[in-house]
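Single-structure report; data block below.
Number of protein chains: 2
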Amino acid sequence: MDKKSEILHAALKLFVLHGFHATPTSGIAREAGVANGTLFHYFKTKDELIVALYVHIKKQLAFCILNEEIAEATIKEQCKSIYVNALNWGLEHPTEFRFVQQFLSSPYLMMLTPAEIKEQNNMVIELIKEGIATRQIKAIAPDFINSLFISHLFGVNQYVLQTNMSVADRNTLIEESFAMIWGMISV
Amino acid sequence: MDKKSEILHAALKLFVLHGFHATPTSGIAREAGVANGTLFHYFKTKDELIVALYVHIKKQLAFCILNEEIAEATIKEQCKSIYVNALNWGLEHPTEFRFVQQFLSSPYLMMLTPAEIKEQNNMVIELIKEGIATRQIKAIAPDFINSLFISHLFGVNQYVLQTNMSVADRNTLIEESFAMIWGMISV
DNA sequence: ATATAGATTGACTAATCACTCTACAAAATT
DNA sequence: AATTTTGTAGAGTGATTAGTCAATCTATAT
Numbered sequence: 001m002d003k004k005s006e007i008l009h010a011a012l013k014l015f016v017l018h019g020f021h022a023t024p025t026s027g028i029a030r031e032a033g034v035a036n037g038t039l040f041h042y043f044k045t046k047d048e049l050i051v052a053l054y055v056h057i058k059k060q061l062a063f064c065i066l067n068e069e070i071a072e073a074t075i076k077e078q079c080k081s082i083y084v085n086a087l088n089w090g091l092e093h094p095t096e097f098r099f100v101q102q103f104l105s106s107p108y109l110m111m112l113t114p115a116e117i118k119e120q121n122n123m124v125i126e127l128i129k130e131g132i133a134t135r136q137i138k139a140i141a142p143d144f145i146n147s148l149f150i151s152h153l154f155g156v157n158q159y160v161l162q163t164n165m166s167v168a169d170r171n172t173l174i175e176e177s178f179a180m181i182w183g184m185i186s187v
Numbered sequence: 188m189d190k191k192s193e194i195l196h197a198a199l200k201l202f203v204l205h206g207f208h209a210t211p212t213s214g215i216a217r218e219a220g221v222a223n224g225t226l227f228h229y230f231k232t233k234d235e236l237i238v239a240l241y242v243h244i245k246k247q248l249a250f251c252i253l254n255e256e257i258a259e260a261t262i263k264e265q266c267k268s269i270y271v272n273a274l275n276w277g278l279e280h281p282t283e284f285r286f287v288q289q290f291l292s293s294p295y296l297m298m299l300t301p302a303e304i305k306e307q308n309n310m311v312i313e314l315i316k317e318g319i320a321t322r323q324i325k326a327i328a329p330d331f332i333n334s335l336f337i338s339h340l341f342g343v344n345q346y347v348l349q350t351n352m353s354v355a356d357r358n359t360l361i362e363e364s365f366a367m368i369w370g371m372i373s374v
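Residue numbers (the working numbering), protein chains in the order written: chain A, 1 to 187; chain B, 188 to 374.
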């Protein structure tokens with residue numbers, strides 16, 4: 001792992017543990033095993049590091065969600081694939097997931113342009129629109145359905161993380177929870 | 188408004204605007220129109236102020252949710268009353284709502300004891316249990332249903348806040364969104 | 001071999017921060 | 001009236017911070 005990655009990795013850990021401002025850049029550098037100045041060689045400011053980390057993690061999540069052949073699947077199967085992949089990613093990467101949550105409910109969110117924010121949900125929105133057009137999904141605002149979809153994901157993730165469950169129980173819950181959200185948004 | 192309230196009010200505004208650590212206590216005191224030392228007369232530390240603010244806001248929300256006669260209502264009506272009241276409170280107090288969100292996804296959350304955290308959902312959990320016992324709500328973990336309920340609330344709130352809607356449209360959406368969550372959790 | 005560009009370092013700085021301290025004013029209590 | 005408690009102020013303090021900078025190192029290209 002190169003130094004830039006080490007810095008991002010250390011920053012993620014410390015930000016989730018202590019919060020953005022309670023984590024000094026000097027602490028990140030120490031945790032990453034690099035000098036103080038090196039951090040500012042890769043990221044002009046601390047704010048730039050925070051935003052870069054968010055974009056970096058979002059990219060990983062997006063890659064993981066799409067990491068399957070779903071071209072020929074039905075709308076429902078595609079939705080389920082996205083749902084299950086996103087949920088599993090969140091459960092396998094709780095620190096990253098928590099960081100995203102922390103970032104989205106912080107004032108740092110405003111450092112992203114509205115276009116950037118919208119862009120990230122674009123794929124799901126398009127899928128929802130297709131589902132509406134083919135009368136498989138309820139004919140209500142796609143943005144609204146997307147909001148419910150994401151919220152549901154967050155809720156299930158949070159519940160699983162704070163509950164000790166066997167892998168089998170967890171998988172059952174994931175199946176059932178998709179059935180619930182699909183029942184809610186499908187016609 | 189007394190000085191303590193002024194301090195809480197100023198802190199809320201600045202925390203949501205700039206984040207916890209990016210808001211200096213001196214700034215809060217200035218915004219509240221009191222001296223620096225006065226802040227520390229009422230709150231021993233900045234952390235104590237943050238937690239006190241959270242507890243203060245949660246108390247307001249709890250009061251608002253219960254502010255109706257619902258003793259004789261059915262489980263569904265009680266759930267709807269809580270849902271609508273909570274949602275309306277969030278829409279009428281976006282800053283407070285955002286603060287709660289920010290607090291819950293920050294490391295400050297860990298300053299609350301697990302008992303305190305659990306206590307806050309207790310009323311809804313009890314209602315869900317009653318609903319399950321009377322076979323009106325699906326027989327799955329009450330904590331899980333509570334998670335979904337809260338997440339749904341957050342999702343709808345976020346959508347409404349980021350969308351320009353007429354009051355009529357908003358009320359329709361609130362009605363419809365309750366029907367959706369109720370359809371999801373009822374038998 | 002030499003030159004050039006980028007990577008890395010860590011001491012340094014100016015600013016800022018949470019919190020303290022002393023002094024005094026206003027109530028409340030005796 | 002005297003005394004104690006509580007509220008308020010704001011200058012002051014030691015610690016900490018983001019970011020800079022000049023110096024050194026590494027690697028690749030010529």
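Glycine is no exception: its CB is placed at the ideal position from the N, C-alpha and C atoms. None of these values were measured; they are calculated from a predicted model.
Answer yes or no: does any C-beta atom of chain A fall closer than 8 Å to that of residue i?
| i | result |
| --- | --- |
| Ser353 (chain B) | no |
| Glu298 (chain B) | Position check: residue 298 (chain B) holds Met in this sequence, whereas Glu was assumed. With 8 Å as the cut-off, Met298 (chain B) does not count as an interface residue toward chain A. |
| Asp356 (chain B) | no |
| Gln345 (chain B) | yes |
Evaluate residue i with the Cβ neighbour count: other Cβ atoms within 10 Å of its Cβ, from every protein chain shown; 16 or more gives buried, anything less gives exposed.
| i | result |
| --- | --- |
| Ala332 (chain B) | Here residue 332 (chain B) is Ile; the residue named in the question, Ala, does not match the sequence. Ile332 (chain B) comes out buried. |
| Ile28 (chain A) | buried |
| Met188 (chain B) | exposed |
| His152 (chain A) | buried |
| Ser292 (chain B) | buried |
| Gln247 (chain B) | exposed |
| Ser353 (chain B) | exposed |
| Thr45 (chain A) | exposed |
| Gln349 (chain B) | exposed |
| Ala273 (chain B) | buried |
| Leu360 (chain B) | buried |
| Phe63 (chain A) | exposed |
| Asn358 (chain B) | exposed |
| Asn164 (chain A) | exposed |
Please go through the same chain and pick out, in chain order, the residues whose beta-carbon is closer than 8 Å to the beta-carbon of residue i, but skip the five residues on each side of it.
| i | result |
| --- | --- |
| Tyr108 (chain A) | Phe20, Asp47, Ile50, Val51 and Tyr54 |
| Ile137 (chain A) | Ile75, Ile128, Gly131, Ile145, Ile185, Ser186 and Val187 |
| Lys4 (chain A) | Tyr42 |
| Asn223 (chain B) | Thr212, Ser213 and Ala216 |
Does residue i come within less than 8 Å of chain B when only Cβ atoms are used?
| i | result |
| --- | --- |
| Leu17 (chain A) | yes |
| Asp143 (chain A) | yes |
| Tyr42 (chain A) | no |
| Gln102 (chain A) | yes |
| Met1 (chain A) | no |
| Met123 (chain A) | no |
| Gln136 (chain A) | no |
Whose C-beta lies closer than 6 Å to the C-beta of residue i among residues of the same chain, with five residues either side of it excluded?
| i | result |
| --- | --- |
| Glu96 (chain A) | Ile57 |
| Met123 (chain A) | none |
| Thr212 (chain B) | Leu226 and Lys233 |
| Ile269 (chain B) | Ile252 |
| Ala219 (chain B) | Glu193, Ile194 and Ala197 |
Identify the contact partners of residue i in chain A, using a Cβ-Cβ distance below 8 Å as the criterion.
| i | result |
| --- | --- |
| Pro294 (chain B) | Val16, Leu17, His18, Gly19 and Ala22 |
Using the beta-carbon of each residue, which ones in chain B are nearer than 9 Å to residue i?
| i | result |
| --- | --- |
| Ile28 (chain A) | Going along chain B, no residue has its Cβ under 9 Å from Ile28 (chain A), so there is no contact; the nearest lies around 15 Å. |
| Gly183 (chain A) | Gly370 and Met371 |
Using C-beta distances below 7 Å, list every residue in its chain close to residue i, excluding the 5 sequence neighbours before and after it, in chain order.
| i | result |
| --- | --- |
| Ala11 (chain A) | Ile28, Leu49 and Leu53 |
| Pro94 (chain A) | Leu161 |
Fill in: Selection of the segment 144-156 of chain A by Cβ proximity to chain B, strictly under 9 Å
Phe144, Asn146, Ser147, Leu148, Phe149, Ile150, Ser151, His152, Leu153, Phe154, Gly155 and Val156
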